[in-house]
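Presented below is the structure to which this report refers.
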Amino acid sequence: MKFISIKEAMQQGHGSVSVRGWVYRERGSNKVKFVVLRDSSEVIQCVISKDDVGEEQFAVVSKVQVEASMTITGDIKKDERAPSGYEIHVKEFEIVGESDTFPIQKDQSPEFLLDMRHLWLRSRKMTAVLKIRSTVFGAIDEYFRKEGFYEYHSPIFQSVQCEGGSTLFDVPYFGKKGVFLAQSWQLYAEPAIFSLEKIYTISPSFRAEKSKTSRHLTEYWHAEMEAAWASFKDIQGYGEGLLKHIVKKVLEERSDELKTLGRDPESLRPVLEKPFPRITYTEALKILKEKCDMEVEWGKDLRTIEEDKLSHLYDTPLIVTHYPKAVKAFYMKETPGEPTTVHGCDFIAPEGYGEIIGGSERESSLDKIKERLLEMGEKLEHYEFYLDTRKYGSVPHGGFGMGVERVVSWICKLDSIKDAIAFPRTMIRYTP
Ligand code: 4AD
Ligand code: MG
């Protein structure tokens, strides 16, 4: 017997088909049983009548529970009344795996669904999100390879901080201290541009975030790039190109899944069609004051609330540049002629989804980097390998990091970043 997917069966539209999957819904009388079967591709209503399958088999299917696995062979027909427009009139079936009473019923709390995550992955919602996520990962690889980047991998056990000590996860390492989980690949990527010039990765990053927000995970997937000879403008261009490519791929391949999630695909179209606005931090403060009646003191970092206000003014991601040096990481390049700001940029997603990309041109002055590390209380000897990048043929360079779950969350219009990953990890959630 050759099995095809439910979607393929619907495309065939008539004649005999064999499909397999799980019972999504069931109801019936003592003569006819209706089983809605789902597989990874679709759902379809299957009609099983006592007359067609015989008394004995009908007794078996009468007792079938939601989430039992089945194979079904029958005739497929168009039927306007059926949930997905098609129906299979079953001639033969087999119950492959019985199911206990499925613990997930209608209208359950988000916390319960997180406890039952291993089972909730089967939902139409999670299936749609995970398919879109897969498309996003594929698009990232495709974009960077098309642009001539090599895939390059940095260690996850690291001996230095990159994004500040407060969100470092310490790892007990054979009784030694000073080993942390990666916050970013960056400090181990910069040495490699002297070999490969243009590199990227998609890898997990870890942040000991104490905040319980809809956009923070403790373990997230980080798409990062680093390029030799790249200017600050080039970095922004790569970020914009990447996001446009991701959205293009999702619109081409996953419009149905977006609709399943209640996201109108057309609402993402401006991302493809319009250039992303680029404003400086100082201009952002002016816009916040004039258009949003919000006063931010120059030098303070933009908070979630301010990013949200700004994001609602645009229908594409917004690029904010030239942040105050004091609020940004030690490796960002001081703006030439303007030592109070840096060549750093954040991409802020529309609709209040926050910062999706953070990047910068890298500081080239060895002395300035040392000075900033010392200001942070870091020991220079730990950074010797990194400082060597500025000693032996340093070149202008830069890169960025994109939080993949933040992007998926925005594209899918999710309420929480936790639904953008199969098994989310937060301060309070590390099971199952
Ligand atoms: O802005 P961040 O901290 O930048 C870096 O890590 C740089 N070293 C990247 C680079 O230049 N190679 O993080 C980059 C992105 C953020 O813009 C955000 O999208 C995401 O990573 N991110 C998180 N996503 C989910 N949960 C968290 N706790 C995140 N923290 C950062
Ligand atoms: Mg950032």
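Using my numbering, the first residue of the sequence shown is number 17, and each one after it goes up by one.
Glycine is no exception: its CB is placed at the ideal position from the N, C-alpha and C atoms.
Alpha-carbon to alpha-carbon, residue j and residue i
i    : j    : result
K307 : E322 : 12 Å
Y166 : E240 : 12 Å
D324 : V39  : 42 Å
T217 : H238 : 8 Å
S449 : D68  : With the chain represented from 17 up to 448, any question about residue 449 goes unanswered, as that position is not in the structure.
V343 : D317 : 6 Å
G253 : D91  : 53 Å
M418 : G70  : 58 Å
V287 : L329 : 14 Å
K23  : S57  : 6 Å
E110 : F74  : 11 Å
P340 : R388 : 14 Å
I113 : A144 : Correcting the residue identity first, residue 113 is Gly in this sequence and not Ile. Near 24 Å, if we compare the C-alpha coordinates of A144 and G113.
S182 : L430 : 28 Å
P440 : S219 : 15 Å
A300 : C428 : 27 Å
I20  : S34  : 6 Å
V312 : T298 : 10 Å
V63  : E256 : 50 Å
E96  : V76  : 28 Å
V338 : E289 : Looking at the sequence provided, one finds His at residue 338 rather than Val. Taking the straight line joining both Cα atoms gives about 25 Å.
R223 : T442 : 9 Å
DSSP three-state assignment for residue i, whether helix, strand or coil
i    : result
W426 : helix
I437 : coil
L137 : coil
L259 : helix
T442 : coil
A74  : Looking at the sequence shown, residue 74 is not Ala but Phe. Of the three classes helix, strand and coil, the one that applies to F74 here is helix, per DSSP.
A148 : Ala is not the amino acid found at residue 148; the sequence shown has Ile there. It is helical.
I335 : strand
K122 : coil
E42  : strand
M17  : coil
G253 : helix
G154 : helix
M348 : strand
L329 : coil
A98  : coil
L129 : helix
K79  : coil
T117 : coil
D431 : coil
V411 : coil
K66  : helix
A246 : coil
Cross-strand partners of residue i (DSSP beta bridge)
i    : result
K386 : In DSSP, K386 forms no bridge with anything.
T87  : R36, E110
S221 : Y236
Q61  : V52, E103
M241 : Y216, F416
P340 : T357
I92  : G31, I104
Is the stretch 256-272 in contact with the stretch 151-160, if contact means three or more CB pairs nearer than 8 Å? yes
Three Cβ pairs or more, each shorter than 8 Å: is that satisfied between the stretch 47-55 and the stretch 70-86? yes
At which residue ranges does the stretch 161-217 contain complete alpha helix (DSSP H) runs of 4 or more residues, listed in the order of the chain? 202-205, 209-212
Enumerated in chain order, which unbroken segments of the alpha helix (DSSP H) with a length of 4 residues or greater are wholly contained in the stretch 255-315? 271-276, 285-289, 297-308
Segments of 4+ residues assigned as alpha helix (DSSP H) that fall wholly inside the stretch 350-409: 382-391, 400-403
Give a yes or no on contact between the stretch 101-118 and the stretch 392-411, applying the rule of three or more CB pairs nearer than 8 Å. no
Decide yes or no for the touch test of the stretch 412-429 against the stretch 357-370: beta carbon pairs closer than 8 Å, at least 3 of them. yes
Does the stretch 188-203 come close enough to the stretch 350-362 to have 3 or more Cβ pairs within less than 8 Å? Segments in contact, no.
Would you call the stretch 266-281 and the stretch 292-312 in contact, with 3 or more CB pairs under 8 Å? no
For the stretch 368-376 against the stretch 389-403, are there 3 or more C-beta pairs whose distance is under 8 Å? no
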